[in-house]
Amino acid sequence: MSDDIAIKVEGLYKQYRLGVIGADTLKDDLKLALAKLRGKSLADVYDIQGNDRMVGDSEYVYALQDVNFEVKKGEILGIIGKNGAGKSTLLKILSKVTGPTKGQIKVDGRIASLLEVGTGFHPELTGRENIFLNGAILGMKKPEIRKKLDEIVDFSGIGKYLDTPVKRYSSGMMVRLGFAVAAHLEPEILIVDEVLAVGDAEFQKRCIGKMNDVSKNQGRTVLFVSHNMASVMELCDRGLLMQHGTVHSTGKVSDIIPAYLNVFRAEALTSELHTLKTRNGNGKIQFHRVQLMDQENSVIDFVLSGQKMKFKVTLKVHKPQEFKQIHISLRVVDSNDVTLFHLSNSVANGKEVSINKDTDEFDVEFHLDKLPLNSGKYHFHLFCSDLQEVYDELNFAGELNVEGGNFYKSGKLPPASTSSFLVDYNVTI
7 MSDDIAIKVE
17 GLYKQYRLGV
27 IGADTLKDDL
37 KLALAKLRGK
47 SLADVYDIQG
57 NDRMVGDSEY
67 VYALQDVNFE
77 VKKGEILGII
87 GKNGAGKSTL
97 LKILSKVTGP
107 TKGQIKVDGR
117 IASLLEVGTG
127 FHPELTGREN
137 IFLNGAILGM
147 KKPEIRKKLD
157 EIVDFSGIGK
167 YLDTPVKRYS
177 SGMMVRLGFA
187 VAAHLEPEIL
197 IVDEVLAVGD
207 AEFQKRCIGK
217 MNDVSKNQGR
227 TVLFVSHNMA
237 SVMELCDRGL
247 LMQHGTVHST
257 GKVSDIIPAY
267 LNVFRAEALT
277 SELHTLKTRN
287 GNGKIQFHRV
297 QLMDQENSVI
307 DFVLSGQKMK
317 FKVTLKVHKP
327 QEFKQIHISL
337 RVVDSNDVTL
347 FHLSNSVANG
357 KEVSINKDTD
367 EFDVEFHLDK
377 LPLNSGKYHF
387 HLFCSDLQEV
397 YDELNFAGEL
407 NVEGGNFYKS
417 GKLPPASTSS
427 FLVDYNVTI
């Protein structure tokens with residue numbers, strides 16, 4: 007391996023035996039046994055249809071197949087792909103949480119990983135004790151860790167809880183401390199999974215800035231997994247697209263993201279919202295259905311430029327309880343996932359909304375008096391959170407087909423190739 011390479015992966019495979027090693031709970035074992043009695047295939051039970059990862063109809067499945075790639079020192083690699091593509095399994099192998107079935111991995115440097123909430127923490131130890139524990143695992147001496155302690159505490163914002171056992175921390179606090187520890191204890195390689203989605207938007211932005219800093223200014227290598235393409239585009243030098251346990255493609259992030267979006271849309275456009283698996287959030291509230299409606303409240307398949315319309319979004323509460331300060335937003339994007347406009351109850355109404363404890367389903371309607379889009383095909387993302395937690399996030403939740411309308415009352419529109427977003431204006435001469 008050349009001196010400028012931080013990670014080299016060759017012929018990597020990971021195989022699991024479903025129902026024996028692969029099942030994590032008694033529920034999974036019972037589900038497998040019942041499926042066998044009913045004559046159902048394991049592909050149906052474990053939702054791995056159509057990806058050729060089953061070994062016939064046996065109890066074995068490949069999570070990874072013949073994975074090959076390199077990461078240079080100081081590079082930020084964005085690893086993207088739908089849920090179940092093999093991203094998390096790959097990171098667990100690189101982090102030595104689990105071993106490969108076969109293949110070779112060469113790593114030059116120490117690795118710090120943030121894979122799941124609470125990864126690397128002992129629940130009975132305090133935040134302070136866990137910081138020193140993680141530093142010791144990385145081979146650091148106590149004086150070295152003490153020098154970094156104030157930075158870690160300041161970045162994580164958990165100062166008043168520093169001497170509290172981490173088992174009493176919220177998921178958001180665990181993530182903040184976990185990232186602060188991983189980023190500030192100076193490993194040569196930093197691995198961050200989608201776990202950052204648990205944190206609030208401001209903290210996510212700070213994490214992006216920190217990862218950029220450790221790579222560009224400190225020469226460290228970062229592997230970053232995310233479903234947020236804007237973050238990947240902003241942060242990463244190169245992209246690696248995983249699909250069905252293999253490397254679909256790798257290269258410039260500007261080339262990889264369009265390939266990912268095409269894979270993503272194929273699922274999103276043929277699924278009901280509640281069946282989509284590629285989503286983020288804790289699921290306490292989830293998007294269930296979305297409808298496009300005209301001013302007569304009729305469901306429509308397409309909209310005209312300038313037409314009065316609304317998005318009717320139905321959400322379901324997993325367990326009825328009182329929710330305060332709920333933020334719900336809808337973001338319309340073009341074919342390159344560039345945001346054209348953003349709608350939210352927080353902006354339109356100037357405040358978040360509270361949900362009654364007896365509510366198990368509710369609707370949110372986003373009204374547009376005049377759709378400001380030229381003819382074309384667009385998509386929209388959905389997001390629901392409060393000030394502390396992300397409840398649900400769906401990228402490419404639906405498609406918005408727009409036909410040319412009489413937006414300017416002149417019977418004319420600018421060429422769609424030059425302007426997607428339409429501005430209402432007048433000209434005087």
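The sequence shown stops at residue 435 when you use this note's numbering, and every number in between is there. Glycine residues also receive a C-beta, built at the ideal position from the N, C-alpha and C atoms.
Query raised in the report: When you compare only the Cα positions, how much space is there between glutamine 110 and serine 101?
Result: 14 angstroms
Query raised in the report: Beta-carbon separation of isoleucine 77 and alanine 12 under 8 angstroms?
Result: It is valine, not isoleucine, that sits at residue 77 in the sequence shown. Contact flag set, yes.
Report task. Kindly indicate the opening and closing residues of the alpha helix (DSSP H) around isoleucine 11. Result -> Unbroken run through isoleucine 11 is the beta strand (DSSP E), 11-23; no alpha helix (DSSP H).
Query raised in the report: Shortest alpha-carbon distance to valine 370 belongs to which of Thr320, Glu157, His128?
Result: Thr320
**Report entry** Burial state of serine 311, where buried means 16 or more other Cβ atoms lie within 10 Å
**Finding:** buried
Query - Coil, strand or helix - aspartate 209 by DSSP - result: Aspartate is not the amino acid found at residue 209; the sequence shown has phenylalanine there. Helix.
Report task. Consult DSSP for leucine 168 and reduce its assignment to one of helix, strand or coil. Result -> coil
**Report entry** Spatial neighbours of methionine 248 in its chain, beta-carbon cut-off 6 angstroms, leaving aside the 5 residues before and after
**Finding:** Gly87, Ala91, Gly92, Lys93
**Report entry** serine 416, DSSP secondary structure in three states
**Finding:** coil
Query - Pick from Leu336, Val344, Asn342, Thr345 that is closest to alanine 354, judged by C-alpha positions - result: Leu336
Query - Cβ pair valine 339, leucine 349 closer than 8 angstroms - result: no
Query raised in the report: Quick one: complete alpha helix (DSSP H) runs, 4+ long, within the segment 338-416?
Result: 351-355
**Report entry** Nearest-angstrom Cα separation, counted from phenylalanine 427 out to lysine 314
**Finding:** 16 angstroms
Query raised in the report: For threonine 95, which three-state DSSP category applies?
Result: helix
Query raised in the report: Would you call the segment 209-229 and the segment 177-193 touching, i.e. three or more CB-CB distances under 8 angstroms?
Result: yes
**Report entry** Expected contact under 8 angstroms - CB spacing of lysine 108 and glycine 17 to nearest Å
**Finding:** 7 angstroms
Query raised in the report: With which residues is serine 119 paired in a DSSP beta bridge?
Result: Ile197
Query raised in the report: Whose CA, out of Thr424, Leu406, Lys20, Leu139, lies closest to the CA of aspartate 307?
Result: Leu406
Query raised in the report: Between serine 425 and serine 381, what straight-line distance do the alpha-carbon atoms span, to the nearest angstrom?
Result: 10 angstroms
Query raised in the report: Taking the DSSP output, what are the residues bridged to leucine 70?
Result: Lys20
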